[in-house]
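Student: Residue numbers (UniProt numbering): 1 to 125.
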């Protein structure tokens, strides 16, 4: 029995067969903003990409499906940017508490850090 991850030579394996295709974006400004947003680093969104996306979303046009797609991707990008910022702040807090290489490991962690490390995330144990 072969692993499901192993492919034989010449076989195609589609990982997203059941994923719905995105609607066609007819408006060129929305399409440009969408492509720029998809190509950008979501850890730190460039101001020009944010401006273009907001500009394309604020315009009144007939491509409602394209605006909806852009709005969803833009919301996701903003959420990822905020999440990465939170994670980096927590990492810097840990670095301040225990040192970059762990040289202060005997120092007691603050209660909130200890609880965050000990409590299961999303119901996992």
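Positions of the beta carbon are idealized from the N, C-alpha and C atoms, including for glycine.
Within its chain, find whatever has a CB closer than 7 angstroms to the CB of residue 46; leave out the 5 residues flanking it on each side and keep chain order.
Tutor: Translated into the one-based positions of the chain shown, residue 46 becomes position 46. For residue 46, where only same-chain residues beyond five positions count, the Cβ hits under 7 angstroms are 40.
Student: In chain order, what residues of the same chain lie with their CB nearer than 8 angstroms to the CB of residue 55, ignoring the 5 residues before and after it?
Tutor: The residue you call residue 55 lines up with position 55 of the chain shown. Excluding sequence neighbours, residue 55 sits near 29, 33.
Student: Output the distance between the C-alpha atoms of residue 69 and residue 43, rounded to the nearest integer angstrom.
Tutor: Here residue 69 corresponds to residue number 69 of the chain shown, with the count starting at 1. Here residue 43 corresponds to residue number 43 of the chain shown, with the count starting at 1. The straight-line gap from Cα to Cα measures roughly 20 angstroms.
Student: When the distance is taken between beta carbons, is residue 31 closer than 8 angstroms to residue 85?
Tutor: Mapped onto the chain shown, residue 85 falls at position 85. Mapped onto the chain shown, residue 31 falls at position 31. No.
Student: Helix or strand or just coil, what does DSSP make of residue 119?
Tutor: Position 119 of the chain shown, counted from the start, is the residue given in the question as residue 119. Coil.
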